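Taking it in order: structure first as structure tokens, then the write-up.
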Amino acid sequence: LYASLPPEAQMAAFQDKPDGCKRKVVLATNIAETSVTIPDIKFVVDTGKHKCRQVTTTGMESLKIEDVSQAQAAQRAGRAGRVAEGTCFRLYTEEAFRTLDPDSIPEILRVNLAQVILQLKGMGISDPTTFDFVTPPGKQAIVRATKLLYGLKALDRNMDLSDHGKKLAKLPLDPVFGHLLLQSVEYECVKEMLTAVSVLSADNLFYRPNSSGNSSSGGASQKAAAMHRRFASHEGDLPTFLNVYDAWRKEAVYVPPSSGGSKMQKKLIKQRQQQQQQASQKHSSTILSHHDWCQQNFISGRSMVRAHSIREQLQEICQRPPTETSQHNKNNKHSSGGGLGINVASSCGKDQEVFYRAVAAGLYLQVASRVKASSSAVDNGKGSGNVLNSKHMRGAYKTKLGNGTVSIHPSSALFGRNPAPACVVYTELVTTKKTYIRGVTQIREEWLHEVAPEFYHKATT
1 LYASLPPEAQ MAAFQDKPDG CKRKVVLATN IAETSVTIPD IKFVVDTGKH KCRQVTTTGM
61 ESLKIEDVSQ AQAAQRAGRA GRVAEGTCFR LYTEEAFRTL DPDSIPEILR VNLAQVILQL
121 KGMGISDPTT FDFVTPPGKQ AIVRATKLLY GLKALDRNMD LSDHGKKLAK LPLDPVFGHL
181 LLQSVEYECV KEMLTAVSVL SADNLFYRPN SSGNSSSGGA SQKAAAMHRR FASHEGDLPT
241 FLNVYDAWRK EAVYVPPSSG GSKMQKKLIK QRQQQQQQAS QKHSSTILSH HDWCQQNFIS
301 GRSMVRAHSI REQLQEICQR PPTETSQHNK NNKHSSGGGL GINVASSCGK DQEVFYRAVA
361 AGLYLQVASR VKASSSAVDN GKGSGNVLNS KHMRGAYKTK LGNGTVSIHP SSALFGRNPA
421 PACVVYTELV TTKKTYIRGV TQIREEWLHE VAPEFYHKAT T
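Using full-length UniProt numbering, the letters of the sequence shown correspond one by one to residues 1 to 461.
Shown next, in the form of structure tokens:
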């Protein structure tokens with residue numbers, strides 16, 4: 001049970017156990033601490049761990065596995081015996097429990113503050129350290145966020161909002177994704193980048209049933225992998241996201257509940273099928289409802305709708321003239337007002353290299369190069385004197401910023417590709433036993449000097 005699991009799959013946790021089944025077991029993330037209550041749970045097994053977002057020294061957000069707080073542990077224990085007596089088993093000692101923080105660390109102390117600082121400066125607060133936060137963040141966190149915004153050209157040398165920063169402040173996006181979108185204007189691929197940043201801003205699109213050892217779940221997992229390969233791009237995750245969204249728009253009909261629901265959906269499906277027949281398309285696809293299409297392709301319907309909703313919102317902001325204020329912001333005196341006046345129809349078409357150059361320009365701070373394995377040991381980059389041999393360095397990359405050793409995440413379209421790409425950009429770091437990069441797309445290293453000459457020097461031979 002986890003947040004991005006499709007709703008129909010989540011409901012399995014709330015169903016009564018089948019006849020002949022002695023026990024129902026629910027494996028859950030910390031969504032089960034407060035978000036949901038399963039009434040018939042009598043026992044809770046608490047690992048004492050959770051996955052949370054933290055900001056790295058380079059300003060990137062990273063998912064890390066950390067100890068829970070005592071308050072979280074109490075919440076987990078409270079999940080047992082909601083309607084009768086229950087028991088909680090903690091997989092750690094009482095002494096370990098006493099060393100836990102009493103309360104959870106507020107999110108503002110853990111995450112990248114770049115978007116917060118950007119919005120404050122957009123509201124006219126030039127020095128964010130003077131703002132009366134409910135929980136004041138540390139000075140170092142503000143400095144890191146400011147450095148990131150400067151690197152994204154959102155701030156000038158006086159640390160005031162640049163023209164680029166004022167545009168970024170109008171976008172309800174992570175500043176990195178906003179920068180990525182604005183870079184696409186120069187490369188004339190706004191249509192594609194709108195989709196890419198919208199999917200990146202939603203939860204994971206791909207849903208894969210857990211292969212828990214029985215033949216049915218194992219078969220479903222293999223089928224999901226096969227369906228996902230249909231969308232996979234040899235160039236990486238961002239073009240893969242475009243493939244999924246484009247297929248959904250072409251093959252599925254989505255009608256918001258407020259617009260007529262299932263009745264309107266059936267009508268639109270019939271209309272689309274008739275249009276295909278009239279056009280005599282040789283390679284016409286079967287038109288399905290949003291729910292059926294997502295279920296057939298093992299795509300999270302909720303994430304798909306979320307990505308579509310974000311895209312619609314971004315498109316409205318982008319195409320609205322700079323002098324025109326949205327209805328939502330008319331009464332907001334702090335609103336940055338106006339749109340961006342961008343041509344949202346600009347597209348690179350089949351010239352995919354243009355799109356990849358735009359991606360490189362937008363994510364130039366998040367670049368990693370493949371480590372060339374050799375028979376000699378390689379420094380692990382942590383400054384501890386430890387080394388990693390060539391076996392452990394297979395598939396390893398070094399980040400340009402921070403010189404950290406990372407690997408491509410198993411969920412990536414580029415995972416296991418042979419030969420592995422020499423240079424990639426990424427959107428997210430995930431740390432478990434290793435540090436992984438997600439949202440990975442292949443680029444050419446020589447592009448870096450072209451897209452960010454002030455940051456990357458031209459290689460000399």
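Heads up, the beta-carbon is just placed ideally off N, CA and C, and yes, glycines get one too.
A quick note: this is a predicted structure, and the numbers were derived from the prediction, not measured.
Can you grab the Cα-Cα spacing for the pair residue i / residue j, in whole Å?
i           : j           : result
residue 181 : residue 434 : 30 Å
residue 92  : residue 48  : 7 Å
residue 441 : residue 149 : 22 Å
residue 350 : residue 53  : 37 Å
residue 13  : residue 300 : 17 Å
residue 24  : residue 80  : 13 Å
residue 322 : residue 427 : 29 Å
residue 365 : residue 84  : 54 Å
residue 380 : residue 368 : In this prediction, residue 380 has a pLDDT of 49, which is less than 50 and means its spatial position is unreliable; what the coordinates show is noted afterwards. One C-alpha to the other measures close to 15 Å.
residue 29  : residue 415 : 25 Å
residue 423 : residue 445 : 6 Å
residue 56  : residue 21  : 46 Å
residue 236 : residue 455 : 24 Å
residue 171 : residue 186 : 17 Å
residue 67  : residue 78  : 18 Å
residue 479 : residue 176 : For the chain, the structure presents residues 1 to 461; residue 479 sits outside this window and is missing.
residue 287 : residue 255 : 14 Å
residue 65  : residue 98  : 19 Å
residue 7   : residue 302 : 8 Å
residue 247 : residue 420 : 27 Å
residue 167 : residue 9   : 40 Å
residue 298 : residue 90  : 34 Å
residue 4   : residue 458 : 42 Å
residue 39  : residue 18  : 16 Å
residue 118 : residue 174 : 10 Å
residue 1   : residue 154 : 39 Å
residue 165 : residue 315 : 19 Å
residue 372 : residue 178 : 33 Å
residue 390 : residue 396 : Reliability fails at residue 390, whose pLDDT of 48 lies under 50, so the model's placement of it is uncertain and no value is given.
residue 61  : residue 363 : 14 Å
residue 398 : residue 16  : 49 Å
Let me confirm a value: residue i is counted as buried when at least 16 other C-beta atoms fall within 10 Å, else exposed. Which label applies?
i           : result
residue 11  : exposed
residue 450 : exposed
residue 183 : buried
residue 195 : buried
residue 115 : buried
residue 361 : buried
residue 400 : buried
Hey, out of the options, whose CA is closest to residue i's CA?
i           : options               : result
residue 169 : 367, 152 and 24       : 152
residue 191 : 417, 239 and 370      : 239
residue 112 : 98, 131, 143 and 94   : 143
residue 222 : 305, 232, 208 and 158 : 208
residue 410 : 294, 436, 399 and 244 : 436
residue 233 : 15, 352 and 5         : 352
residue 402 : 418, 429, 408 and 420 : 429
residue 109 : 145, 412 and 355      : 145
residue 348 : 162, 244, 189 and 400 : 189
residue 242 : 356, 405, 33 and 360  : 356
residue 359 : 370, 425, 2 and 398   : 425
residue 313 : 231, 230 and 201      : 201
residue 464 : 291, 226 and 27       : The structure shown has nothing for residue 464, since the chain only spans 1 to 461.
residue 34  : 71, 61 and 75         : 75
residue 432 : 363, 50 and 138       : 50
If you measure from the beta carbon of residue i to each beta carbon in chain B, is any gap under 9 Å?
i           : result
residue 226 : The chain inventory of the structure shown lacks chain B, comprising one protein chain alone.
Following the continuous alpha helix (DSSP H) through residue i, name the residue where it begins and the one where it ends.
i           : result
residue 237 : 237-251
residue 150 : 139-151
residue 317 : 301-319
residue 75  : 70-77
residue 167 : 163-169
residue 448 : 447-451
Near residue i, what residues of its chain come up, given a Cβ to Cβ distance below 7 Å and the 5 sequence neighbours on each side ignored?
i           : result
residue 319 : 339, 342 and 344
residue 69  : 100, 101, 102, 103 and 104
residue 333 : Confidence is the limiting factor: at residue 333 the pLDDT is only 43, short of 50, which leaves the residue's position unreliable and the question unanswerable from this model.
residue 120 : 128 and 131
residue 304 : 205, 248 and 294
residue 126 : 160
Give me, in chain order, the residues of the same chain whose beta-carbon lies closer than 6 Å to that of residue i; leave out the 5 immediate sequence neighbours on both sides.
i           : result
residue 198 : 307, 310 and 311
residue 346 : 188 and 190
Return the chain-ordered list of same chain residues with a C-beta closer than 8 Å to the C-beta of residue i, the five sequence neighbours on each side being excluded.
i           : result
residue 87  : 42, 43, 44, 80 and 81
residue 136 : none
residue 453 : none
Could you spell out where the beta strand (DSSP E) holding residue i opens and where it closes?
i           : result
residue 62  : 61-67
residue 46  : 43-46
residue 356 : It is not in any beta strand (DSSP E) - residue 356 instead sits in the alpha helix (DSSP H) that spans 352-362.
residue 115 : From DSSP, residue 115 is part of no beta strand (DSSP E) but of the alpha helix (DSSP H) over 114-122.
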